[in-house]
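Reading through the structure tokens given below for one structure.
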Amino acid sequence: MRSALAALLAIVGFCGLAPAEAQPAPEPISGQEIAQVFSQESLNGHVLRIEAALARSQAAEGVIPRDAADAITRAAVPASVPPDELAAEYEIVRHRMVALLNVLSRAMDEEDAAWLHYGATTVDIYDTALMLQLRDAVLYLIEDLRTLELQLVALAELHRATPMIGRTLGQHALPITFGKKLSVWIGENRRHIDRLDDLLERIERSAILKGAVGSYLGLGPEAIAVERRFAGELGLAAPYEDDWHAARDVIAEYALVCGLIARSWGRFGQEVFLLQSTDIGEIAERRPASAVDSSAMPHKSNPFLSEALIHGGRVIPRQAETVADDVVNFFERDNTSRPNALIETLSIETEAQLRNASQLIDRLEIYPERMRANLDRTNGWILAQRVVFALAGHMGRPEAEHRMRDLADDARLSGASLADSLAADPQISALLSQDERAQLLDPTTYIGLAAEQTDAVIAAALAARARDRLP
1 MRSALAALLA IVGFCGLAPA EAQPAPEPIS GQEIAQVFSQ ESLNGHVLRI EAALARSQAA
61 EGVIPRDAAD AITRAAVPAS VPPDELAAEY EIVRHRMVAL LNVLSRAMDE EDAAWLHYGA
121 TTVDIYDTAL MLQLRDAVLY LIEDLRTLEL QLVALAELHR ATPMIGRTLG QHALPITFGK
181 KLSVWIGENR RHIDRLDDLL ERIERSAILK GAVGSYLGLG PEAIAVERRF AGELGLAAPY
241 EDDWHAARDV IAEYALVCGL IARSWGRFGQ EVFLLQSTDI GEIAERRPAS AVDSSAMPHK
301 SNPFLSEALI HGGRVIPRQA ETVADDVVNF FERDNTSRPN ALIETLSIET EAQLRNASQL
361 IDRLEIYPER MRANLDRTNG WILAQRVVFA LAGHMGRPEA EHRMRDLADD ARLSGASLAD
421 SLAADPQISA LLSQDERAQL LDPTTYIGLA AEQTDAVIAA ALAARARDRL P
């Protein structure tokens, strides 16, 4: 095991990977980028780009005149669709696509305007616009997760060998290191980046130009070629051949990945919430000096960011499930779910979750001395396993386990320490000298490969950064 970890580190070193401290400092997560991605201004901009791309693609395949496509491209800019004119037109026609097309048509000759939106349907335009929004949102989420990755790496490197108690089922189990604990989130966070990267491929194949019922009716015999060009004009990949208007699986996948990300960081918040509790006290969430934590108890320093992460980890997955309900459509499509507003909400809240996580990591105070003290809370009994292995060579493992279990049962009633119990047992004290027992009962030397494991997780995460997609 140790050699395998060393081999991984050697490979990373051979590849010239810089240590974490040499990585550029991450930019703070502002939480505003994704709100802009889903703004009405951004949506209208995408629709204009899509109409221009449609016209150019149709002209390239001989469907509409080249001059008309050029005129549409020149006109399809935000200045041609002032928000007040668009709002006034919508009040008349009560249809967002028709309102935009009517206002845009006024910015070009009537002859050219006749070729605008030729053969297309509203759902093609707005579903493609949604894919452009999701692509941008995913890239920003990847950037945010990369910021968190560097924050975790820096903290894990600092505490790669800081001993603390590992807890299973709420009880003291065996020693670990704080770096090892952090490495779990580094690995989990990296898998979220990989998930989003995989999802990007499906989003970028989801431009769609298949007409009202998804069979290219109204788009002419060159429709499939036009659709391929259309996707390329928008910087997207060759589109899926199927009509996915009623199969909203890619949109659902995006929402569910956001829910999974929120859950992971909700668990991080919960861990901090528990570890900062008075009875454990191994870490703390540093609060701004001016912050008031309790109106009634001046001594309190409440973990507000931890609470916010726990809350986000509960709410965002519920929103994701609602978006996923849109997978169940009627026939070729319907609009009963109307998930777009919720997609915007959960996207913004997912980035807020990551911003809260970033701020929390920045504000963490780590107390190694309390971690060390907590290792002794069970009077040494967390090292019973280590003693079993030491005795196994003398009496066999089954007998050693049986003997230690009996001693532990007695100690629960008497309160005896492991050291005293071993010294009082004639057979064990004869097999293990006082010096041997003292060495066995030092918890700081019984952390397994936790430090090396932390190094390997960090190395793997940093090596993976080279292949990440960025905005």
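Residue numbers (full-length UniProt numbering): 1 to 471.
Quick reminder that beta carbons are idealized off the backbone N, C-alpha and C, glycines included.
(message) Checking 7 Å against the spacing of the C-beta atoms, do Trp381 and Phe268 come in under that value?
(response) no
(request) Report back the beta-carbon spacing between His245 and Val98 to the nearest angstrom; my notes put them in contact at under 8 Å. (result) The Cβ separation is near 19 Å, so there is no contact.
(message) If I measure Cβ to Cβ from Ala451 and keep anything under 7 Å in the same chain, skipping five residues before and after, which residues do I get?
(response) Arg160, Ala161, Thr177, Gly179
(message) Excluding the 5 residues flanking Arg190 on each side, which residues of the same chain have their C-beta closer than 7 Å to its C-beta?
(response) Glu149, Ala461, Ala464
(request) Identify which residue in Glu111, Glu222, Leu86 has its Cα closest to the Cα of Leu101. (result) Leu86
(request) Go to Pro368, then tell me how far its alpha helix (DSSP H) extends in each direction, as first and last residue. (result) 368–374
(message) For Ile224, which residues in the same chain have their Cβ closer than 8 Å to its Cβ, ignoring the five residues on either side in sequence?
(response) Tyr216
(message) Which residue marks the beginning of the beta strand (DSSP E) containing Gly166, and which one marks its end?
(response) 163–168
(message) Please classify Asn335 as buried or exposed, where buried requires at least 16 other C-beta atoms within 10 Å of its C-beta.
(response) exposed
(request) With a cut-off of 8 Å on the beta carbons, I'd call Ala252 and Asp326 a contact; round off their distance for me. (result) 7 Å
(message) Quick check on the DSSP output: the beta strand (DSSP E) that includes Glu285 runs from which residue to which?
(response) 283–285
(request) Could you have a look at Pro175 and say whether DSSP puts it in helix, strand or coil? (result) strand
(message) What does DSSP give as the partner residue(s) for Glu365 in the beta ladder?
(response) Ala284
(message) Could you compute how far the alpha carbon of residue 497 sits from the alpha carbon of Gln319?
(response) This structure gives no information on residue 497, because the portion of the chain shown stretches from 1 to 471.
(request) Taking Leu217 as part of the alpha helix (DSSP H), name the residues at either end of that continuous run. (result) That residue, Leu217, is in no alpha helix (DSSP H); it is neither H nor E in DSSP.
(message) On the CB-based measure, 16 or more other CB atoms within 10 Å of its CB, does Pro398 come out buried or exposed?
(response) exposed
(request) Give the secondary structure of Tyr446 by DSSP, where H, G and I count as helix, E and B as strand, and everything else as coil. (result) coil
(request) Enumerate in chain order the residues of its own chain whose CB-to-CB distance from Glu332 is below 7 Å, with the five nearest sequence positions on each side excluded. (result) Val213, Gly214, His245, Ala246
(request) Given a cut-off of 7 Å, decide if Thr128 and Ala207 are closer than it, judged by their beta-carbon atoms. (result) yes
(request) Consult DSSP for Lys210 and reduce its assignment to one of helix, strand or coil. (result) coil
(request) Keeping to the same chain, check which residues put their C-beta closer than 7 Å to that of Met404; ignore five residues upstream and five downstream. (result) Ala384, Val387, Val388
(request) May I ask you to verify whether the segment 52–62 touches the segment 135–143, counting CB pairs closer than 8 Å and requiring at least 3? (result) no
(message) On the criterion of 16 or more Cβ atoms from any shown chain inside 10 Å, does Asp109 qualify as buried, or is it exposed?
(response) exposed
(message) Could you compute how far the alpha carbon of Glu21 sits from the alpha carbon of Asp435?
(response) At Glu21, the pLDDT of 43 sits below 50, so the modelled position is not reliable and the matter cannot be decided from this model.
(request) Could you spell out the range, first to last residue, of the alpha helix (DSSP H) harbouring Ile72? (result) 66–75
(message) If we define contact as Cβ-Cβ less than 7 Å, is Val226 a contact residue for chain C?
(response) Here there is only one protein chain, and chain C is not present.
(message) Check whether the segment 299–306 and the segment 271–288 are in contact - that is, three or more C-beta pairs closer than 8 Å.
(response) yes
(message) By alpha-carbon positions, which one of Leu130, Val315, Asp112, Ser414 ends up nearest to Asp67?
(response) Asp112
(request) Measure the C-alpha to C-alpha separation of His95 and Glu89 and round it to an integer number of angstroms. (result) 9 Å
(message) By the three-class DSSP mapping on this structure, what secondary structure does Ser429 have?
(response) helix
(message) Looking at Glu61: is its Cβ nearer than 7 Å to the Cβ of Val226?
(response) yes
(request) State the DSSP-derived secondary structure class of His95, mapped to helix, strand or coil. (result) coil
(message) Suppose contacts are defined by Cβ-Cβ distances below 7 Å. Is His172 in contact with Thr378 by that definition?
(response) yes
(request) In the DSSP assignment, find the alpha helix (DSSP H) that holds His402 and state where it starts and stops. (result) 397–414
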